[in-house]
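Let me begin by presenting the structure, written as structure tokens, before commenting on it.
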């Protein structure tokens, strides 16, 4: 049995693999009986894992990732040159990653709740009081994934988004600043993004070799929850 986190990915598997050949074996796929779907997948494809893992340190504010065209092995050298830095930042992208630590995520959301209710002075008070508390490191390290998430989530809520649903289009948080790329809501249950799926499909379409018949039942997750 192969159980998918989302119906979208299960349907893709049915469409792409049913009737295909693997090592001279004809693959036939059918829907199986529903099984319990865990909150976290057992296996995450490398291309999807790249989307949910923090990017490498760039040395730029909010760990913005320079556009390939403007990336330089000497990017650290331009930090003292205002015009070059401004251009680099304008063409960079801040990727927002949802923290995997549930306790940290809850703390960030609680902090946002109070900052929205009490205002920026509350944030300043907490920063003074918790300066040496590692749990509140996300308030000080503006290149950490947790700080980036905190700043984006605070802005998102103030723009009318909810805690579980938000806009995913890129935007500029600061004038002439870097583009911000929000995370995908329900990143495991919403299926692999179309552009990522098409990229992987092109990379692997020539790897399936055309061989006795094997049946692979595919679990429809909607039979389990919301068919």
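Numbering (the working numbering), first residue to last: 1460 to 1686. Using N, Cα and C, we set each Cβ at its ideal position, and we do this for glycine too. None of the values given here were measured: they were computed from a predicted structure.
Between residue i and residue j, what straight-line distance do the alpha-carbon atoms span, to the nearest angstrom?
i            : j            : result
residue 1533 : residue 1549 : Note that residue 1533 has pLDDT 49, beneath the 50 cutoff, so the model's placement of it is unreliable and the number below is only indicative. Approximately 17 Å, taken between the alpha carbons.
residue 1605 : residue 1596 : 9 Å
residue 1464 : residue 1656 : 15 Å
residue 1587 : residue 1637 : 28 Å
residue 1630 : residue 1507 : 22 Å
residue 1502 : residue 1607 : 26 Å
residue 1547 : residue 1524 : 9 Å
What do you get for residue i, buried or exposed, if any count of 16 or more other CB atoms within 10 angstroms of its CB means buried?
i            : result
residue 1641 : buried
residue 1558 : buried
residue 1560 : exposed
residue 1647 : buried
residue 1490 : exposed
residue 1615 : buried
residue 1556 : buried
residue 1482 : exposed
residue 1583 : exposed
residue 1492 : exposed
residue 1632 : exposed
Can you tell which of the options has the C-alpha that lies nearest to the C-alpha of residue i?
i            : options             : result
residue 1545 : 1527, 1520 and 1514 : 1520
Starting from residue i, trace the alpha helix (DSSP H) both ways and give me its first and last residue.
i            : result
residue 1527 : Where residue 1527 is concerned, there is no enclosing alpha helix (DSSP H), given that its DSSP letter is neither H nor E.
residue 1570 : 1561-1577
residue 1540 : Careful: residue 1540 lies outside any alpha helix (DSSP H) and carries neither H nor E.
Can you check whether the C-beta of residue i is within less than 8 Å of a C-beta belonging to chain C?
i            : result
residue 1468 : Reference to chain C is not applicable here, since this structure consists of a single protein chain.
Is it the case that the CB of residue i approaches a heavy atom of the ligand SAM more closely than 7 Å?
i            : result
residue 1507 : Looking for the ligand SAM in the displayed structure turns up nothing, as the structure carries no ligands at all.
Any beta strand (DSSP E) of 3 or more consecutive residues that is wholly inside the stretch 1584-1648: 1638-1640
Any chance you could list the alpha helix (DSSP H) runs of at least 4 consecutive residues sitting entirely within the stretch 1486-1525, in chain order? 1505-1511
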